[in-house]
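Visitor: Here it is, the structure in full.
Structure follows, in structure tokens:
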């Protein structure tokens, strides 16, 4: 996973603009309403590339976007959790 | 992990009162980001309009004043002339700027006041219930034109930016749209350029017109509203730099 988005579901008004602009179809509208009665957007799959199109079009600034390059991800894997392939060998 | 996109500090961390899919939220963010990028948060004074964005001062963490309907250019004139070091911008809708405040904006541009105007054009009067505005398109159904706007009785859509671009006092006039991420980025560039001109002390008025959706009073879903801007609204209000 290169990119990651965090949707503030209580801030989201469920307008669905992010769903349309996402080039990887990562976002859908949830079936559960938030406190305000809106059906917020939620992330479905991990194809996110961190392009931030959803955040740019979001009228309520409810989306935060993060990006981790593959090199960085490999480094954090060495430091943190044990590498699964090595364990098997 | 690198942060690609986060809320900018000038945009207060509170929910807005706007309807789902409203363009004001995007426009507020673009202005807030511009102010932070230029580092002028401490010396910027904004003017909130009468219209849906009347509560803009609740969302932007800068000094803001609220002005009588349509009069922001007149008040901005006084503010800029008495405080030339301050950055003054007005945020106006089409009811504010194109209807009741037409005289003020034309004369502010004609005098070449060094202010920045952000003009949000959504082709209806949003706050009062979706009545026809001067910028309403032909055949568009609103609360006061139930059979669609007709040239015989209601006239033609008013293209304020073209009008102002003719005046020598206006140094920068551009029309942008918020209908997709590409155009949101272009709108951001235009807004930033307008502020930069004022910061650099350019002699004249800079205006950015932003085509913004009003899904509720266009009787559409937010996604359809964005498509409508692209297909219908940009025909009457062509995008691009008109001057400067």
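Protein chains in written order, with this note's numbering: chain U, 155 to 243; chain X, 402 to 645. Where is the CB? At the ideal position from N, CA and C, for every residue including glycine.
With distances taken Cα to Cα, identify the nearest neighbour of residue 580(X) among 546(X), 522(X), 486(X), 407(X).
Guide: For the purposes of this step, residue 580(X) is taken as the residue at position 179 of the second chain. The option with the nearest alpha carbon to residue 580(X) is 522(X).
Visitor: What residue does the beta strand (DSSP E) around residue 220(U) start on, and which one ends it?
Guide: For the purposes of this step, residue 220(U) is taken as residue 66 along the first chain, with counting starting at 1. First-last of the beta strand (DSSP E) with residue 220(U): 217-221.
Visitor: How is the alpha helix (DSSP H) around residue 512(X) delimited, first residue to last?
Guide: For the purposes of this step, residue 512(X) is taken as residue 111 along the second chain, with counting starting at 1. Per DSSP, residue 512(X) belongs to the alpha helix (DSSP H) from 503-512.
Visitor: Roughly how many whole angstroms lie between the Cα atoms of residue 573(X) and residue 225(U)?
Guide: Here residue 573(X) refers to the residue found at position 172 of the second chain. Here residue 225(U) refers to the residue found at position 71 of the first chain. Those two C-alpha atoms are separated by around 45 Å.
Visitor: Would you decide whether residue 483(X) is buried or exposed? Buried here means 16 or more other CB atoms lie within 10 Å of its CB.
Guide: Here residue 483(X) refers to the residue found at position 82 when the second chain is read from its first residue. That one is exposed.
Visitor: Apply the 10 Å Cβ neighbour rule to residue 583(X) and answer buried if 16 or more other Cβ atoms are within range, or exposed otherwise.
Guide: Residue numbering aside, residue 583(X) sits at position 182 when the second chain is read from its first letter. Under this definition residue 583(X) is an exposed residue.
Visitor: From the beta carbon of residue 191(U), is the nearest beta carbon of chain X less than 9 Å away?
Guide: Sequence index remark: in the first chain, residue 191(U) carries index 37 (1-based). For residue 191(U), the answer is no, since every Cβ of chain X falls outside 9 Å of its Cβ.
Visitor: Express the C-alpha separation of residue 566(X) and residue 158(U) in angstroms, rounding to a whole number.
Guide: As a first step, residue 158(U) must be located in the first chain, where it is residue number 4. As a first step, residue 566(X) must be located in the second chain, where it is residue number 165. For residue 158(U) and residue 566(X), the distance between alpha carbons rounds to 43 Å.
Visitor: If you drop the 5 nearest sequence neighbours on each side, which residues of the same chain put their C-beta closer than 6 Å to that of residue 188(U)?
Guide: Indexing the first chain from 1 puts residue 188(U) at position 34. Cβ neighbours of residue 188(U) beyond the five flanking positions: 163, 164, 194.
Visitor: For residue 576(X), which of helix, strand or coil comes out of DSSP?
Guide: Translated into positions along the second chain, residue 576(X) becomes position 175. The answer is strand: DSSP assigns residue 576(X) an E or B state.
Visitor: Indicate whether the contact test is met: 3 or more Cβ pairs, each with one atom in the segment 450-461 of chain X and one in the segment 415-430 of chain X, closer than 8 Å.
Guide: Result yes; three or more Cβ-Cβ pairs closer than 8 Å.
Visitor: In the DSSP assignment, find the unbroken alpha helix (DSSP H) run with residue 437(X) in it and report its ends.
Guide: Here residue 437(X) corresponds to residue number 36 of the second chain, with the count starting at 1. It spans 425-439 - the alpha helix (DSSP H) in which residue 437(X) sits, taken as one unbroken run.
Visitor: Please report how far the alpha carbon of residue 209(U) lies from the alpha carbon of residue 614(X), in whole angstroms.
Guide: Walking along the first chain from the start, residue 209(U) turns up at place 55. Walking along the second chain from the start, residue 614(X) turns up at place 213. In a straight line, the C-alpha of residue 209(U) is about 17 Å away from that of residue 614(X).
Visitor: With a cut-off of 9 Å, does the C-beta of residue 531(X) fall near any C-beta of chain U?
Guide: Within the second chain, residue 531(X) is the residue found at index 130, counting from 1. Judged by the 9 Å Cβ criterion, residue 531(X) is not in contact with chain U.
Visitor: DSSP on residue 611(X), reduced to helix/strand/coil?
Guide: Working through the second chain from its first residue, we reach residue 611(X) at position 210. Of the three classes helix, strand and coil, the one that applies to residue 611(X) here is strand, per DSSP.
Visitor: Per DSSP, residue 459(X) forms a beta bridge with which residues?
Guide: Residue numbering aside, residue 459(X) sits at position 58 when the second chain is read from its first letter. Answer is none; residue 459(X) lacks a bridge partner.
Visitor: Which word fits residue 604(X), buried or exposed, when buried means at least 16 other C-beta atoms lie within 10 angstroms of its C-beta?
Guide: Counting from 1 along the second chain, the entry for residue 604(X) is found at position 203. Counting Cβ neighbours within 10 Å, residue 604(X) comes out exposed, since fewer than 16 surround it.
Visitor: To the nearest angstrom, how far is the alpha carbon of residue 600(X) from that of residue 609(X)?
Guide: For the purposes of this step, residue 600(X) is taken as the residue at position 199 of the second chain. For the purposes of this step, residue 609(X) is taken as the residue at position 208 of the second chain. The straight-line gap from Cα to Cα measures roughly 16 Å.
Visitor: Taking residue 519(X) as the reference, which of 552(X), 569(X), 595(X), 556(X) has the closest Cα?
Guide: Along the second chain, read from residue 1 onward, the residue named residue 519(X) stands at position 118. Comparing Cα positions, the closest option is 595(X).
Visitor: Among the candidates 182(U), 179(U), 212(U), whose CA atom is the shortest distance from the CA of residue 417(X)?
Guide: Counted from its first residue, the second chain places residue 417(X) at position 16. Out of 182(U), 179(U), 212(U), 212(U) has the C-alpha closest to the C-alpha of residue 417(X).
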